[in-house]
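J.: Numbering (the UniProt record's numbering), first residue to last: 1 to 380. For each residue, glycine too, the CB sits at the ideal point set by N, CA and C. Fair warning: this is a prediction, and the values are worked out from it, not measured in the lab.
(1) Count the other CB atoms within 10 Å of the CB of residue 105; is the residue buried (16 or more) or exposed (fewer)?
(2) Per the contact definition of three or more C-beta pairs closer than 8 Å, is the region 122-139 in contact with the region 169-189?
(3) Using only CA atoms, which one of 241, 61, 193, 172 lies nearest to residue 203?
(4) Once DSSP output is grouped into helix, strand and coil, what is the label at residue 373?
(5) What are the boundary residues of the beta strand (DSSP E) that residue 96 is part of?
(6) Tell me the DSSP bridge mates of residue 109?
(7) How should residue 378 be labelled, buried or exposed, when 16 other C-beta atoms within 10 angstroms of its C-beta is the threshold for buried?
(8) Would the region 244-261 count as touching the region 206-213 if we require 3 or more Cβ pairs under 8 Å?
(9) Hey, quick one: how far does the alpha helix (DSSP H) through residue 254 stretch, first residue to last?
(10) Could you pull out every residue in the same chain whose Cβ sits closer than 7 Å to the Cβ of residue 56, ignoring the five residues on either side in sequence?
(11) Buried or exposed: where does residue 287 fall if 16 or more other Cβ atoms within 10 Å of its Cβ makes it buried?
(12) Please return the same chain residues whose Cβ sits closer than 7 Å to the Cβ of residue 114, not counting the five positions on each side in sequence.
(13) Going by Cα to Cα distance, which pick from 118, 176, 292 is closest to residue 158?
(14) Restricting to Cα atoms, I'd like to know which of 27, 51, 256, 23 is closest to residue 33.
(15) Taking 8 Å as the limit between beta carbons, can you name the residues of its chain near residue 354, skipping five residues before and five after?
(16) Which whole-angstrom value is the C-beta distance of residue 272 and residue 290, which I expect to be below 8 Å?
(17) Give the DSSP bridge partners of residue 85, in chain order.
(18) Ignore the nearest five residues each way along the sequence and tell me which others in residue 367's own chain have a CB closer than 6 Å to its CB.
(19) So who's on the other strand from residue 287, going by DSSP bridges?
(20) Residues in the same chain with beta-carbon distance under 6 Å from residue 98, minus the five sequence neighbours each way, listed in chain order, please.
(21) Since I believe residue 371 is in contact with residue 344 (beta carbons under 8 Å), could you give me their beta-carbon distance rounded to a whole number of angstroms?
(22) Look up residue 30 in the DSSP assignment and say whether it is helix, strand or coil.
(23) Less than 9 Å between the C-beta atoms of residue 72 and residue 36, yes or no?
(24) Using a Cβ-Cβ cut-off of 7 Å (strictly less than) and excluding sequence neighbours within five positions of residue 298, which residues of its own chain qualify?
(25) Measure the C-alpha to C-alpha separation of residue 1 and residue 335 and round it to an integer number of angstroms.
(26) How far does the alpha helix (DSSP H) with residue 60 in it extend, from its first residue to its last?
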């Protein structure tokens, strides 16, 4: 994409929100005041190496510590007294943002002395997120690990703990709701040994949270061998389920995520078909990373099949994370993302699958993609 094609002709004219979000998530941004707002996150389960910014009422995650961000044409100025910051490109204002505040629950520690921020963190503006198991059976193997994954980095740096107990999660979730108005929660996990793929530990975790506080929860895992786990997760209190393809064609999956690719796309589709009747249309989702080698046509083709099943395909731009094998991998252009998100949003709205109807999870949060902004422009 040519450097100036997306800029407005009027120096004070803002870019359309969906385009600006795509641009920021592709290029990243340089911060004049790195300490402004909620502290950025490095390493760990995604979104990592990002900063939360609120733009046109949408809180989005923008890369600030990645290789592309260091050379980004976008600069976020230091906030003024009202907390507003201008986004500048080539001396022109192209947008305005504010920063979500640091949550109050970060100042607390659990009954057993662990800082709350090591148990769960704030994503976007009002989402509590945790990685119940900060380890994965594939992470230590060069021949099996997902090339984009940094789940072990935050653990190695001492910013989290390896296993969050149900009691710890319940304590932090209750405080996050009461002190900071958190609206929903995401529970993901590294994949442990066993055919349940982590569903057992997710079930006991969500059961504890639900006993402590009324908070919608999405659980995320690989497809278990026994699809009966979907009902068990639902019975434990899970409101939504995420099973993440990441890449959609087998060649790309084998290259980028050789261990996880052992669970085929076909098996994922079988799992989606079994999960939707349990959780309901739109309450099962999958995360797709655009820019890893799948064509826009391939992503849209599988998205059409997913939508027909009642699964929400949450397509996000791939962002390289420092310290991973893909740290220097190029990010997708905003033009490439537009070629996916524009038709995908029409497909979703036409089918009645909207981010605003998801009870909990990444799709409802929407901070890692411009998809929800595209939907918002189409919704009646």
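T.: So, from the listed chains and residues:
(1) Translated into the one-based positions of the chain shown, residue 105 becomes position 105. The residue in question, residue 105, is buried, as its Cβ has 16 or more Cβ neighbours within 10 Å.
(2) yes
(3) Numbered from its first residue, the chain shown carries residue 203 at position 203. Here the closest residue by C-alpha is 241.
(4) On the chain shown, position 373 is the one that residue 373 refers to. In this structure, residue 373 counts as helix in the three-state DSSP scheme.
(5) Taking the chain shown and counting its residues from 1, the one referred to as residue 96 is at position 96. Residue 96 -> beta strand (DSSP E) spans 92-98.
(6) Counting from one through the chain shown, the residue named residue 109 turns up at place 109. Beta-bridge pairing links residue 109 to 115.
(7) For the purposes of this step, residue 378 is identified with residue 378 of the chain shown, where counting begins at 1. Burial call: exposed.
(8) no
(9) Working through the chain shown from its first residue, we reach residue 254 at position 254. Counting along the chain, the alpha helix (DSSP H) containing residue 254 begins and ends at 250-256.
(10) Mapped onto the chain shown, residue 56 falls at position 56. Cβ neighbours of residue 56 beyond the five flanking positions: 17.
(11) For this step, residue 287 is matched to residue 287 along the chain shown. So residue 287 counts as buried.
(12) Taking the first residue of the chain shown as position 1, residue 114 is located at position 114. Cβ within range, chain order: 161, 168.
(13) Within the chain shown, numbered from 1, the residue matching residue 158 stands at position 158. For residue 158, the nearest C-alpha among the options comes from 118.
(14) Position 33 of the chain shown, counting from 1, holds the residue named residue 33. Closest by alpha carbon: 51.
(15) Position 354 of the chain shown holds residue 354. Excluding sequence neighbours, residue 354 sits near 282, 348, 375, 379.
(16) For the purposes of this step, residue 272 is taken as the residue at position 272 of the chain shown. For the purposes of this step, residue 290 is taken as the residue at position 290 of the chain shown. Contact doesn't hold; Cβ gap of about 19 Å is too wide.
(17) Numbered from 1 along the chain shown, position 85 holds the residue referred to as residue 85. In the DSSP output, where bridge partners are listed per residue, residue 85 has 97.
(18) The residue you call residue 367 lines up with position 367 of the chain shown. For residue 367, where only same-chain residues beyond five positions count, the Cβ hits under 6 Å are 59, 60, 61, 124.
(19) On the chain shown, position 287 is the one that residue 287 refers to. Partner(s): 314.
(20) Your numbering for residue 98 matches position 98 in the chain shown. Cβ within range, chain order: 54, 83, 84.
(21) Position 344 of the chain shown, counting from 1, holds the residue named residue 344. Position 371 of the chain shown, counting from 1, holds the residue named residue 371. Yes, they are in contact, since the Cβ atoms of residue 344 and residue 371 sit about 7 Å apart, within 8 Å.
(22) Indexing the chain shown from 1 puts residue 30 at position 30. Correct three-state label for residue 30: strand.
(23) The residue given as residue 72 occupies position 72 in the chain shown. The residue given as residue 36 occupies position 36 in the chain shown. No, these two residues do not count as a Cβ contact at 9 Å.
(24) In the chain shown, the residue the question calls residue 298 occupies position 298. Excluding residues within five positions, the ones whose Cβ falls inside 7 Å are 248, 249.
(25) Translated into the one-based positions of the chain shown, residue 1 becomes position 1. Translated into the one-based positions of the chain shown, residue 335 becomes position 335. Any reading at residue 1 must be qualified, since the residue scores a pLDDT of 32, below 50, and its modelled position is unreliable; the value itself is stated next. C-alpha separation (whole angstroms): 7 Å.
(26) Your numbering for residue 60 matches position 60 in the chain shown. Segment 58-63 is the beta strand (DSSP E) holding residue 60; no alpha helix (DSSP H) there.
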